[in-house]
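Colleague: Please read through the structure below; I'll follow up with questions.
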Amino acid sequence: MSLASIGESEHPIVRQGIEFLLASVRPDGSWPIDTNLATWNTSQAISALDWHLSDEATLSSQPPAEAEEALDWLLNCQLREQHAYTGAAPGGWAWTDLSGGVPDADDTSAALLALAAWQRQWPDSRANELKGAALSGLRWLLDLQNSDGGWPTFCRGWGKLPFDRSSTDITAHAIRALHAWSDCLHVPTSDPQLARQIGSATKLGLRYLAQQQQPDGSWLPLWFGNEHHPHDSNPVYGTSKVLLMYQEIEKSSSEAARRGAQWLAKAQQDTGGWGAAAHCSVEETALAITALLPYLAENGQIESAVQFGLNWLIEAVEQGLHLQSSPIGFYFAKLWYHERLYPQIFATQALASACRVFPAMPVSVGANRA
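Here the working numbering is used: the first residue of the sequence shown is 244, the next is one more, and so on.
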């Protein structure tokens, strides 16, 4: 529009822009906010399929061809040079493999966790290649941490824009990635200096998260919301992400984690799902179940909530509701978006996690809450 207003409507850039708009219009006449979250979705899908079922001899010692292809694709998405637009150092991942992507903390953490999932499933496959990519990504993440201990989305230290301030879900995601590869690489013995960096960064991140916990025990995320929530926020998403972090770094017994788990269990709707204002979604229900599973022994309320939630989720999947996405994200202009793969990925992860916890305990669909 700006170029056309100064008489440049026939400029090649304008013509390409028009072609993009025409190609991206939806059948109903609308346009999406974003057209490609391929890297983000691929990372989460790989992690969701990390089921740890090798004790049942269901995993081959060698990865299948389609898994190799997914790994190759994800590795190729890692930025190897300084970003041309933002000046970001190499080592991170963007949300997309297209040229408009910018490396950020959330997508880098997701990619690192996906690589760690691969490493755990097939430890003898491409270990050196994975190690190189992981070390580059870890250092990129460590350099991005803000002085308050949290992680921003894109740029460290600015603090003037929402996506450059620290956020709880991104901080928890980063700590999970650091911890996963610290274990995979045996960092405490193989690289003591990196171990000290990760330890210091984790300590600062945990302090930030403790400060950001809401009085009711929940955490509020940055990029995700619920349009039915009074403040358009999504504490179910934020709290679930932080609780996953506490469990993975073996701090699920901390006071902050216990308060968060209790809040999440109480946030369950009467129907068994999670959402806001009686609007339950597969996305939030699956996230809540995954987050609460490690806290089953905490009290009977959490165990009851998980069982009731599993009933809801199983029935939703059997009805095909995991193929219907709900608005779960928003941009700062309050433009809501949904992603069709979220309910499928999140439900897969939740049900796979439940299979590990309840290997011989069938869940009866349609059971009433205790």
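Every residue, glycine too, gets a C-beta built ideally from N, C-alpha and C.
(1) From this set, Gln362, Leu322, Ala360, which residue's C-alpha is nearest Gly343's C-alpha?
(2) How about Ala291 and Ile588: do their beta carbons lie closer than 8 Å?
(3) Enumerate, from N- to C-terminal direction, the unbroken beta strand (DSSP E) stretches of 3 or more residues contained entirely within the segment 345-431.
(4) At the level of alpha carbons, what is the spacing between Ile413 and Leu358?
(5) Could you give the first and the last residue of the continuous alpha helix (DSSP H) run that contains Gly481?
(6) Using only CA atoms, which one of Asp475, Pro473, Leu594 lies nearest to Leu530?
(7) From the DSSP output, in three-state form, read off Phe573 for me.
(8) Which residue comes first and which comes last in the beta strand (DSSP E) that contains Ala519?
(9) Do the CB positions of Asp386 and Phe397 come within less than 8 Å of each other?
(10) Just list the residues that DSSP pairs His471 with in beta bridges.
(11) Hey, would you say Ala504 sits closer than 8 Å to Ile545, going by beta carbons?
(12) If you count every other CB in all the chains shown that lies within 10 Å of the CB of Gln259, and 16 or more means buried, which is it?
(13) Tell me the DSSP bridge mates of Trp336?
(14) Per DSSP, which residues does Cys523 bridge with? Please list them.
(15) At 3 residues or longer, and completely inside the segment 495-566: list those beta strand (DSSP E) runs for me, N to C.
(16) Could you give the distance in angstroms between the alpha-carbon of Arg612 and the alpha-carbon of Gln562?
(17) Indicate whether the contact test is met: 3 or more Cβ pairs, each with one atom in the segment 311-328 and one in the segment 260-276, closer than 8 Å.
(18) For the alpha helix (DSSP H) containing Asn284, name the first residue and the last one.
(19) Report the residue from His429, Gly250, Pro405 whose alpha carbon sits nearest the alpha carbon of Leu378.
(20) Considering Gln440, what are the terminal residues of the alpha helix (DSSP H) in which it resides?
Modeller: In short:
(1) The shortest C-alpha separation from Gly343 is found at Leu322.
(2) For Ala291 and Ile588, yes; Cβs fall inside 8 Å.
(3) Complete beta strand (DSSP E) runs here, min 3: none at all.
(4) Straight-line spacing of the CA atoms in Ile413 and Leu358 works out to 18 Å.
(5) Residues 478-491.
(6) Leu530 has its Cα closest to that of Leu594, out of Asp475, Pro473, Leu594.
(7) Strand at Phe573.
(8) First-last of the beta strand (DSSP E) with Ala519: 517-519.
(9) No. Outside cutoff.
(10) DSSP lists no partner for His471.
(11) Their beta carbons are under 8 Å apart, which means Ala504 touches Ile545 by this criterion.
(12) Here Gln259 is exposed: its Cβ has fewer than 16 other Cβ atoms, across all protein chains shown, within 10 Å.
(13) Its beta-bridge partners are Asp347.
(14) Answer is Gly518, bridged to Cys523.
(15) Within the segment 495-566, the beta strand (DSSP E) runs of at least 3 residues that lie entirely inside it are, in chain order, 517-519, 522-524.
(16) Caution applies to Arg612, whose pLDDT of 46 falls short of 50 and renders its modelled position unreliable; the value that the coordinates give is listed next. Approximately 20 Å, taken between the alpha carbons.
(17) Under the 8 Å Cβ criterion, the segment 311-328 does not count as touching the segment 260-276, having fewer than three qualifying pairs.
(18) Counting along the chain, the alpha helix (DSSP H) containing Asn284 begins and ends at 281-291.
(19) Checking every option, the nearest Cα to that of Leu378 belongs to His429.
(20) Counting along the chain, the unbroken alpha helix (DSSP H) around Gln440 starts and ends at 435-455.
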